[in-house]
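Q: My questions all concern the structure below.
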Amino acid sequence: ILGVALKKSKSATMSNWAAPTLTSSQLKYASLDVLAAGNIFRALRRLRA
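Written as structure tokens, this is what we have:
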């Protein structure tokens, strides 16, 4: 939909997401997901308009 690939850390992907405190790498990874979800939502709304 967006035509771009997200560059995400493989180590963050496989890290312990159940830990009581997330690492800065995990927070960056999660924030990229949030930004991508918002961009996908807006792109889909434009397609519907």
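The sequence shown begins at 868 in the numbering used here and counts up one residue at a time. Cβ atoms here follow ideal geometry from the backbone N, Cα and C, with glycine treated the same way.
Pick helix, strand or coil for L869, following the three-state DSSP scheme.
A: Here L869 sits in coil by DSSP.
Q: Going by the CB atoms, is the gap between T888 and S882 shorter than 8 Å?
A: Contact: no.
Q: With DSSP as the reference, label N906 as helix, strand or coil.
A: Helix, per DSSP.
Q: Which of the three DSSP states is assigned to A897 in this structure?
A: It is helical.
Q: Determine the DSSP secondary structure at T880, reduced to helix, strand or coil.
A: Helix at T880.
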